[in-house]
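Asker: Okay, so the sequence shown: first residue is 6 according to my numbering, each after it adds one.
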Amino acid sequence: MNEFKICTNCVMDTTDPDISFDKNGICDHCKNYYNNILPYWNTGEVGNLELRKIIAKIKKEGQGKDFDCIMGMSGGADSSYMLHIVVKEFGLRPLVFHVDGGWNSELAVKNIEVIVEKLGLDLYTEVINWEEMKAFQLAYFRSNLPYIDIPQDHAFVATLYKFAEKYKIKYILNGFNYSTECIINPFEWRYYGTDLAQIRDIIKQFCQIDLKTYPFSSVLYHKFYLRYFKGIKVIKPLNFVPYKKEIAMDFLKKEYGWQPYPQKHFESRFTKFYEGFWLPQKFGYDTRKVQYSSLILTGQMTREEAIEKLKLPAIDKTELERDFEYIANKLGISIEELNNFLNQPNKTFRDYKNQVWLFNFGAYIMNKLGIDRLKRS
Ligand SMILES: [Zn+2]
Numbered sequence: 006m007n008e009f010k011i012c013t014n015c016v017m018d019t020t021d022p023d024i025s026f027d028k029n030g031i032c033d034h035c036k037n038y039y040n041n042i043l044p045y046w047n048t049g050e051v052g053n054l055e056l057r058k059i060i061a062k063i064k065k066e067g068q069g070k071d072f073d074c075i076m077g078m079s080g081g082a083d084s085s086y087m088l089h090i091v092v093k094e095f096g097l098r099p100l101v102f103h104v105d106g107g108w109n110s111e112l113a114v115k116n117i118e119v120i121v122e123k124l125g126l127d128l129y130t131e132v133i134n135w136e137e138m139k140a141f142q143l144a145y146f147r148s149n150l151p152y153i154d155i156p157q158d159h160a161f162v163a164t165l166y167k168f169a170e171k172y173k174i175k176y177i178l179n180g181f182n183y184s185t186e187c188i189i190n191p192f193e194w195r196y197y198g199t200d201l202a203q204i205r206d207i208i209k210q211f212c213q214i215d216l217k218t219y220p221f222s223s224v225l226y227h228k229f230y231l232r233y234f235k236g237i238k239v240i241k242p243l244n245f246v247p248y249k250k251e252i253a254m255d256f257l258k259k260e261y262g263w264q265p266y267p268q269k270h271f272e273s274r275f276t277k278f279y280e281g282f283w284l285p286q287k288f289g290y291d292t293r294k295v296q297y298s299s300l301i302l303t304g305q306m307t308r309e310e311a312i313e314k315l316k317l318p319a320i321d322k323t324e325l326e327r328d329f330e331y332i333a334n335k336l337g338i339s340i341e342e343l344n345n346f347l348n349q350p351n352k353t354f355r356d357y358k359n360q361v362w363l364f365n366f367g368a369y370i371m372n373k374l375g376i377d378r379l380k381r382s
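Here it is in structure tokens:
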């Protein structure tokens, strides 16, 4: 085991097994930000002009159609603020959809409603069959992989492309932004949520029922077929405008009565449990390090503040006990069974069938072409 080391510039550390440091102790995540993201990231005049050009194109191609673009709405700050901008400031007509995987917090449901309603939009909700979702999630628990959020994530991606195809929508709006996500979870922590070879292996080995209605989408289908043959494009509007988390959340509160969550991604009760407890406890992966480091690099948090916050667990003890019970009950297992999963030996994607070579190859090409500037592998 290598010695524990933390970056001198952000709070990423050797819990990312692939991290490397330069002679000043600065990590490769920081380096990627300074070299590959910052020089190309423009939220001033240049960015604004570029976004306006894209918006004009989206509007023109959407003439006569019910919608000119599509976006998913989680109720989190990023998607909420993006929806506000594109509708109010740019006059786009998005199909707004939400995937109900059974884990929405009441707050998330309310946040989605207030914004969608005030903007006069319809919400398309895709409800995932709960018995299937539950069985799929339990299969991931049994696999002892860190990626137990894949059943939720994958349903979102598949639903997005299903709607895009059904309504012949060419533009997908994505709330991803460098401001709060210039560092993404290290490769070992997240893997690829659309590796169907792996997903099918997990289902075959550990899933107790057939997933008849759960929406699947292969990367070959959505990344290659839909993007290159059907010409579907993904736009990330928040990267072209000034976007600061605190300011955006204050604005959403005042304008829409939107309410903040205690932590990023906590709009889903499952993701809260997964990121706030399961990943750090079972695997030693604390996603706050990634979130805080992104905020440090973009000047929205100090390193000292992040270090202080990281001393406390993401979910306090009493709340955790409640959450633990809630998760076990909802999954239809006992607290003891859930605890047993926690204590089983951990596995990585290498322990199951996978197409990592294909995904890494794709990521390499996207980086080389400058289409993707994030450090994905
Ligand atoms: Zn760093």
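Note that CB positions come from ideal geometry on N, CA and C, so glycine has one too. Owing to the predicted nature of the structure, the values given are computational and were not obtained by experimental measurement.
Identify whether N179 lies in helix, strand or coil by the three-state DSSP scheme.
Answerer: Reduced to three states, the DSSP call for N179 is coil.
Asker: Measure from the alpha carbon of W263 to the alpha carbon of each residue in I117, G30, K64 and W108, then state which is nearest.
Answerer: Nearest of I117, G30, K64 and W108 to W263, Cα basis: I117.
Asker: Give the list of continuous alpha helix (DSSP H) stretches no shorter than 4 residues that lie fully inside the region 10–89.
Answerer: Segments of the alpha helix (DSSP H) lying fully in the region 10–89: 33–37, 50–67 and 82–89.
Asker: Just checking, does the region 92–107 make contact with the region 154–166 on the three C-beta pairs under 8 Å criterion?
Answerer: Result yes; three or more Cβ-Cβ pairs closer than 8 Å.
Asker: For R378, count neighbouring Cβ atoms within 10 angstroms of its own Cβ and tell me buried if that reaches 16, exposed if not.
Answerer: Burial call: buried.
Asker: Distance check for Y183 and K373, CA to CA, integer angstroms please.
Answerer: Roughly 19 Å separates the two Cα atoms.
Asker: Could you check how far apart the C-beta atoms of T199 and V162 are, in whole angstroms? I think they sit under 8 Å.
Answerer: About 6 Å separates the two Cβ atoms, so the contact holds.
Asker: If you measure between the beta carbons of Y38 and I133, is that distance less than 8 Å?
Answerer: Against a cut-off of 8 Å, the Cβ pair of I133 and Y38 comes out as no contact.
Asker: Looking only at DSSP bridge pairs, what is E131 linked to?
Answerer: Bridge partners of E131: V104.
Asker: For the region 81–88 and the region 237–257, state whether three or more C-beta atom pairs, one from each stretch, are separated by less than 8 Å.
Answerer: At 8 Å Cβ cutoff, the stretches touch.
Asker: Whether or not the region 308–327 and the region 142–152 are in contact is what I'm after, with contact meaning three or more pairs of Cβ atoms, one per stretch, closer than 8 Å; do they touch?
Answerer: With the cut-off at 8 Å, the region 142–152 and the region 308–327 do not touch.
Asker: So for V239, helix, strand or coil by DSSP?
Answerer: Note: V239 maps to strand in three-state DSSP.
Asker: Please classify P350 as buried or exposed, where buried requires at least 16 other C-beta atoms within 10 Å of its C-beta.
Answerer: So P350 counts as exposed.
Asker: Would you kindly check if the distance between the Cβ of Y176 and the Cβ of I240 is under 8 Å?
Answerer: Cβ atoms of I240 and Y176: closer than 8 Å.
Asker: Which of helix, strand or coil does DSSP assign to P265?
Answerer: Coil, per DSSP.
Asker: In the DSSP assignment, find the unbroken alpha helix (DSSP H) run with H159 in it and report its ends.
Answerer: From DSSP, the alpha helix (DSSP H) with H159 extends over I155 to K171.
Asker: Quick one: does the C-beta of I370 sit closer than 7 Å to a heavy atom of ligand 1?
Answerer: No - ligand 1 has no heavy atom lying nearer than 7 Å to the Cβ of I370.
Asker: Residues in the same chain with beta-carbon distance under 8 Å from L216, minus the five sequence neighbours each way, listed in chain order, please.
Answerer: Excluding residues within five positions, the ones whose Cβ falls inside 8 Å are E137, A140, F141 and I208.
Asker: Return yes when the Cβ of F192 is within less than 8 Å of the Cβ of D23, no when it is not.
Answerer: Yes. Within cutoff.
Asker: Looking at ligand 1, does it come within less than 7 Å of N14, judged from the CB to the closest heavy atom?
Answerer: Yes, Cβ of N14 sits closer than 7 Å to a heavy atom of ligand 1.
Asker: Comparing the C-beta of K64 with each C-beta of chain D, is any distance below 8 Å?
Answerer: Looking for chain D here will not work: only one protein chain is present.
Asker: Got a sec? Which residues, its chain only, sit under 6 Å from K277 by beta carbon, not counting five neighbours each side?
Answerer: Only F271 meet the Cβ criterion.
Asker: Can you tell me whether DSSP reads P285 as helix, strand or coil?
Answerer: The answer is helix: DSSP assigns P285 an H, G or I state.
Asker: Determine contact between the region 26–41 and the region 52–63, defined as no fewer than three beta-carbon pairs at a distance below 8 Å.
Answerer: Judged by Cβ distances under 8 Å, the region 26–41 makes no contact with the region 52–63, as fewer than three pairs qualify.
Asker: Any chance the CB of I31 is under 7 Å from a heavy atom of ligand 1?
Answerer: Yes.
Asker: Starting from the Cα of T303, find the closest Cα among G30, H34, R327 and K10 and give me that residue.
Answerer: Comparing Cα positions, the closest option is H34.
Asker: Using only CA atoms, which one of A169, D255 and N244 lies nearest to L54?
Answerer: It is N244.
Asker: Taking the DSSP output, what are the residues bridged to P99?
Answerer: Its beta-bridge partners are C74.
Asker: What does DSSP give as the partner residue(s) for S273 in the beta ladder?
Answerer: BP columns for S273 point to N109.
Asker: Regarding C35 and ligand 1, is the C-beta to nearest heavy atom distance less than 7 Å?
Answerer: Answer for C35: yes, Cβ within range of ligand 1.
Asker: Roughly how many whole angstroms lie between the Cα atoms of E94 and T164?
Answerer: For E94 and T164, the distance between alpha carbons rounds to 27 Å.
Asker: Given 7 Å as the limit, tell me if S25 has its C-beta closer than that to any heavy atom belonging to ligand 1.
Answerer: No, the Cβ of S25 stays beyond 7 Å of every heavy atom of ligand 1.
Asker: I need the straight-line Cα distance from P267 to E111, nearest angstrom please.
Answerer: Straight-line Cα distance between these residues: approximately 14 Å.
Asker: Starting from the N-terminal side, write out each stretch of the alpha helix (DSSP H) that is 4 residues or longer and does not extend beyond the region 307–379.
Answerer: Listed in chain order, they are 308–315, 322–336, 340–348 and 361–373.
Asker: Assuming Y290 contacts T20 (C-beta within less than 8 Å), just tell me the rounded distance between them.
Answerer: Confirmed, about 6 Å.
Asker: Could you tell me whether any non-hydrogen atom of ligand 1 is closer than 7 Å to the CB of S299?
Answerer: For ligand 1, not one heavy atom lies less than 7 Å from the Cβ of S299.
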